[in-house]
Structure formats: structure tokens, C-alpha cells
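A.B. asks:
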Amino acid sequence: MMINKVTTLTEAVELVREGDMLALGGMTLYRRPVAFVRELIRQGTGNLTLLTFTASFASDLLVGAGLVSRVRSCYFGMEAFGLAPMFTRLATAGQVKVIEETEASITFGLRATLAGVGFMPGQGWVETDLLKVRPDVKLVGDPYSDRRYVAFPAIKPDVAVIHARLADPYGNAVLGGNLAVDWELTMGSEQVIITAERVVDKLEERADTVGLRVTAVVEAPAGAKPTSCYPDYPLDSAEILRYVETCNSDGFEDYLEEFLELRIED
Amino acid sequence: MIPDYTVDELICVCISRQVEDGEPLAQGIATPLVMAGYLLAKLTHAPNVVFGSAIGGTICAEGAPLSIARIEDIWLGRAISLTSFPRAVCDLLFRLQPKEFFRPGQIDPYGNFNNIFMGGSYRRPNLRLPGCGGIADVTTYHSRVYFYVPRHSRAVFVKKLDFLSGLGHGHPLPDYPGPHYLVSNLGQFDFKGEGGRMRLVSYHPDVSVEKIKKRTGFPLALSPDLHETPPPTAEEVHLLREEIDPLGIRELETLSGARRRRKLREIIEREQ
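Heads up: the sequence lines are chains H and P, in that order.
Quick note on the numbering used here: the first sequence kicks off at 562 and runs consecutively.
Quick note on the numbering used here: the second sequence kicks off at 951 and runs consecutively.
1. Given this structure, state the Cα-to-Cα distance separating residue 633 of chain H from residue 996 of chain P, to the nearest angstrom.
2. Smallest Cα separation from residue 1039 of chain P: which of P/1028, P/1026, P/1003?
3. Just to confirm, is the Cβ distance from residue 756 of chain H to residue 594 of chain H under 9 Å?
4. Excluding the 5 residues preceding and the 5 following residue 789 of chain H in the sequence, name in chain order all residues of the same chain whose CB lies nearer than 7 Å to its CB.
5. Which partner residues of residue 1050 of chain P appear in the DSSP bridge assignment?
6. Report the residue ranges of all beta strand (DSSP E) runs contained in full by the region 741–772 of chain H; include only those spanning at least 3 residues, in chain order.
7. Looking only at DSSP bridge pairs, what is residue 610 of chain H linked to?
8. With 9 Å as the limit, tell me which residues of the region 1073–1106 of chain P have their beta carbon closer than that to any beta carbon of chain H; keep them in chain order.
9. Would residue 721 of chain H and residue 758 of chain H be called neighbours here (beta carbons separated by less than 9 Å)?
10. With 16 other CB atoms within 10 Å as the buried threshold, where does residue 677 of chain H fall?
11. If we ignore side chains and look at the alpha-carbon of each, how far apart do residue 1184 of chain P and residue 1173 of chain P end up?
12. Run through chain P and tell me which residues come within less than 9 Å of residue 638 of chain H, C-beta to C-beta.
13. Assign residue 1058 of chain P to one of three DSSP states: helix, strand, or coil.
14. Under 9 Å, Cβ to Cβ, is there at least one residue of chain H near residue 1053 of chain P?
15. Where does the unbroken alpha helix (DSSP H) through residue 1107 of chain P begin, and where does it stop?
16. Which residues, taken in chain order from the region 789–819 of chain H, show a beta carbon closer than 8 Å to some beta carbon of chain P?
17. Using the three-state DSSP reduction, which class does residue 721 of chain H fall into: helix, strand or coil?
18. Nearest by alpha-carbon distance to residue 960 of chain P: which of P/1199, P/1181, P/1188, P/1219 is it?
19. Using a Cβ cut-off of 9 Å (strictly closer), state whether residue 957 of chain P contacts chain H.
20. What are the start and end residues of the beta strand (DSSP E) that includes residue 1134 of chain P?
21. Taking only beta-carbon positions, decide if residue 1116 of chain P is within less than 9 Å of chain H.
22. Going along chain C, which residues have a C-beta under 9 Å from residue 1146 of chain P?
23. Starting from the N-terminal side, write out each stretch of the alpha helix (DSSP H) that is 4 residues or longer and does not extend beyond the region 650–681 of chain H.
24. According to DSSP, simplified to helix, strand and coil, what is residue 781 of chain H?
25. Quick one: which chain H residues come within Cβ less than 9 Å of residue 1006 of chain P?
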């Protein structure tokens, strides 16, 4: 059934509940749902477990705003711009809990959810200290040989938010090439919110993710800025640099205040 | 005549010389020295290499000048194939085993390494690091693990790691040959010492073995054929400066503090 799911940003953000596992689509500084994050910080929904393949600007804002209790990511940094200032500060101070993840634990974990099984086996992690700080992750014997693998547990986010170039009212979405883990997030999460540069009645190009499990669709022009939305606009590197430098001179609160005043039209 | 060159250029050249023609190469997040080295190999002795990128999970046969704001143009605009990250991680890495240069936060004498935290304890570290990406996933089997360390110091080369998130030598893993090679701003190293111990193979021009020993936090083993690192050629320096990385993004990895901030600002202004 094709249902029109178009709603407002405010209503879409209300789908997120205190304590949820929230997944952000895109990667590091590319195609991140920044407009959504802005509205989420305005609404102040907290105690979140943040799941994101690689975390950067948008995640750092959520962490700095105090909305994140636990981070699940395989990389949290600002690429060429250095360490993620608020994550580094709060994780170093033990004020945000890190649930160690790697590329495989996140992707195999999401695939386990897609397949409806409790885990997916992988070759990684054995002999490392990751197993000591993730005692919930177990080894499993190969029933066909004497080998043992890591059983990466299934990951099922409560809400996933993905920013797209284009979407139709049913939630089919065009992502522009940098696909990240977004197919798995749309299939594996309880609720899925698509924000898009433009919402059109009918897509003229093939969708990268299908809308069958999408809950809400929101038009959010420039909704990834200052991260990129390839090929529509590149990374605003001057703005990312300004963020890092402002935070590093203890200016996060000022930056956040300014950030929250921006509206979509800006 | 030996051309003028900088230490970042020498590291790129050393990385380039480790690349074999036709092999698949992987490039991680924020590793411009590696990218510049790969592109140099492609333009010189290894025209048939294929790149897999952490940006977009794409596979490319062509390169483009390094960029910060438009890095996706390189990887998405010129890709042979777009994969998603789960496909790259679950379906491709094991079968292709692309050569990859990892940058350790800490490394021990046997090439075990750490990208999780430094100092203090796990719950209350002196510094939390960004994380290990996919390192812990592949260092149990990967046949082509290489390292680069742009700022060689006793904080990086340590006797004992604060956390083990990437495997070196000395583990009961019959399929894993362990790391092969390391280049730093001071020299080149292999892991052919006893039990897979790291050995100095070459010292860079104008760097003394004494200095390398002093900057290494464990007793340094020396290769029997220890020699000076061959410097870059004029062509290599020209390609790095004019074709591969005119903005000098590679230099960001060797700088720290105020000098790095200045350089970053300059690159961003020039790129706009």
C-alpha cells in the first residue's frame, strides 16, 4: 500500500522518545540529517543511544547538547578537521558512555536484524580488548569446523533518520551515490524518517531506498548543511572549521545558540 | 640532483614505493598521506591499481587531486562501482584484501596497535581517540596490513599498549601473517625481527639512528642491511606538488597545534 507520509519536521521529531536508540543516516561529514538534529535539540529529547556508522558534526552537536547517554559508532571524529571536540571532551571525562563498535559489528549487526536472526558471525575482534569491554559480544563455534567466530549481535534502532536528495511522499528516496548504511537502516529500524532536499510527487530516477518501512517524509531544503549533499552541494568546510575552533575555545554554548536559531529557509 | 622535498613528501614516496602494480588499495578516513602516495604510485610504476574508498564505499580506477570540501567528487564522480558500506565490509574486504596503511594511535614492538584511548584507564582515559573503524575486523586475517606514523614519538611507539584494537604479531591465528611494514617521519621498518618484532630498515636522510632510538619507547631492533632511505626523485616531488595535491593537504598529517590550524585554514580558503 502506498501511503502519503509527508509531515512537518516538528511532528517527525516527536516520533523520537526519551531513551530511544536513534540512528543517523549518511557518513561522517556527508549527507547527515542536520536539520532534523537541530529540531531534535530544540525539542530536547534526551537519554538517547546514538547509533551511527561514523559520527561527526551532527553527532557532536547532539553529544554536546547533552542528549546522548551512549554512543555506538566505529569512528567519532571530524576527518581533516581533527578530533570531534565535544565527544572527545565528554568521553574523556567519562560523561558519555561509548559502546565500542567497528565497521563489522554495525554492518553485521544490522544485517542480522534484516535476516531476522540474533547474530551474524564474523572473523574480527578475536584476541583484541574489544571483547573485554563488550562482554555482551560472544564467540560462536562453527558447526562445520573447529573454528570460532565472533557473533555480532543484531542491532535494531528505534528510529532512523536519513537525509536524501529526493523523496516521494511514500518515502522512496534518492541518496546521490554515497549510500553509507542507509538501506540497512531503512529496513532494520522500527521507525524511519526521511528528510529530503525536495519531496516530489513522482521520482524521475530510481530510488536507492524504498519507502515500505518509512514512517514519515519531511521536506528539508539544505537539510544536510554544513555537511554535504552530493552532488547538490559540497561540504561547507569553513563552517566545520568554525565549529571546531569555536568549541576548542570553550564556545560550544554560543555555537549551539546560533545553530538553533537557523530555520530551514536560511 | 636531489630535489628539495619535505618530510610529508618523503612519506608519500615511501608509501608509493610499497604499492605493487595491479593490486587493490584501500584508503581510510582522513588519510591524505596515504591517498597521495597511492596516486603517486598510479602515476608512476603502478598504473593498474584500483582504489576502494571509505568515502562512499566506492571502487575507482581513476584518481583526482586531493580535496577537503569536494572529496566525494573524487570517489563518487569517478567510481567504477558504487557499493554501500555493508557491502564493502561484509562482501568485499575478505575476498579482495586490499592493501591498507593504518595510522596507529599507539603501537608496540610487535605491531599490535591501539586507536581507542591513550593514558589513564578505559573508563577515565587521558584522551579518548576516534575509534578503530574496521581495524579490529580485518587484523585477524588480512594479508596486507601496513602502517604509517607521521609524527614518530615515544607516545606512539610504546612498550605496552593502553588498549589492543588492532593485532600485530604473536597471536594464535594461523591465517594472519601480521603487519609487514611501517613508515614514519624518521625511517622505514619491517617486522622480520624475532617473533615478528619491528626492525629499523632505513633511516631518512639527515636523521640519525640515535634520534630514532631516542624517539621510540622500546629498544629498537636493527635490520642487518640498515641503510639510508632513497630520497624522492624530482619527478615524484613534481607530481605530488603539481598534479596530486596542489593544496598541500598531505601536510596536515605531519603538523600539529597552531601550525596545523594555520595550514588547514589556508587550504580551506584556497579551496573555496
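Glycine included, every Cβ here is placed at the ideal spot set by N, Cα and C.
C.D. replies: Reading from the atomic positions:
1. Your numbering for residue 633 of chain H matches position 72 in the first sequence. Your numbering for residue 996 of chain P matches position 46 in the second sequence. Rounded to whole angstroms, residue 633 of chain H to residue 996 of chain P spans 38 Å at the Cα level.
2. As a working note, residue 1039 of chain P is residue 89 in the second sequence. That would be P/1003, whose Cα lies nearest to the Cα of residue 1039 of chain P.
3. On the first sequence, residue 756 of chain H is found 195 positions in, with the first residue counted as 1. On the first sequence, residue 594 of chain H is found 33 positions in, with the first residue counted as 1. Yes.
4. Working through the first sequence from its first residue, we reach residue 789 of chain H at position 228. Contacts found: 590, 591, 592, 795, 796.
5. Here residue 1050 of chain P refers to the residue found at position 100 when the second sequence is read from its first residue. Answer is P/976, P/1095, bridged to residue 1050 of chain P.
6. 752–760
7. The count along the first sequence starts at 1 and reaches residue 610 of chain H at position 49. Answer is H/582, H/631.
8. 1073, 1074, 1075, 1076, 1077, 1078, 1079, 1080, 1081, 1082, 1083, 1084, 1085, 1086, 1087, 1088, 1089, 1090, 1091
9. Translated into the one-based positions of the first sequence, residue 721 of chain H becomes position 160. Translated into the one-based positions of the first sequence, residue 758 of chain H becomes position 197. In this structure, residue 758 of chain H does not lie closer than 9 Å to residue 721 of chain H by Cβ.
10. The sequence position of residue 677 of chain H within the first sequence is 116, counting from 1. Result: exposed.
11. Taking the first residue of the second sequence as 1, we reach residue 1184 of chain P at position 234. Taking the first residue of the second sequence as 1, we reach residue 1173 of chain P at position 223. Their Cα atoms are separated by approximately 28 Å.
12. Residue numbering aside, residue 638 of chain H sits at position 77 when the first sequence is read from its first letter. By Cβ distance, chain P contributes 979, 980, 1079, 1080, 1081.
13. Taking the second sequence and counting its residues from 1, the one referred to as residue 1058 of chain P is at position 108. Coil at residue 1058 of chain P, not helix or strand.
14. For the purposes of this step, residue 1053 of chain P is taken as the residue at position 103 of the second sequence. Closer than 9 Å: no.
15. Here residue 1107 of chain P refers to the residue found at position 157 when the second sequence is read from its first residue. No alpha helix (DSSP H) contains residue 1107 of chain P, which DSSP labels as neither H nor E.
16. 789, 791, 792, 795, 796, 797, 798, 799, 802, 806
17. Taking the first residue of the first sequence as position 1, residue 721 of chain H is located at position 160. Residue 721 of chain H falls in the strand class under three-state DSSP.
18. Taking the first residue of the second sequence as position 1, residue 960 of chain P is located at position 10. Measuring from the Cα of residue 960 of chain P, the nearest candidate turns out to be P/1181.
19. If you number the second sequence from 1, residue 957 of chain P lands on position 7. Not closer than 9 Å to any Cβ of chain H, the Cβ of residue 957 of chain P fails to qualify, so no.
20. Here residue 1134 of chain P is taken as the residue at index 184 of the second sequence, counted from 1. Residue 1134 of chain P -> beta strand (DSSP E) spans 1131–1134.
21. Position 166 of the second sequence, counting from 1, holds the residue named residue 1116 of chain P. It does: the Cβ of residue 1116 of chain P has a partner Cβ on chain H nearer than 9 Å.
22. In the structure shown, chain C cannot be found, because the protein chains are H and P.
23. 664–676
24. Here residue 781 of chain H refers to the residue found at position 220 when the first sequence is read from its first residue. If DSSP states are grouped into helix, strand and coil, residue 781 of chain H belongs with coil.
25. Numbered from 1 along the second sequence, position 56 holds the residue referred to as residue 1006 of chain P. Residues of chain H passing the Cβ test: 588, 591, 738, 739, 740, 741, 791.
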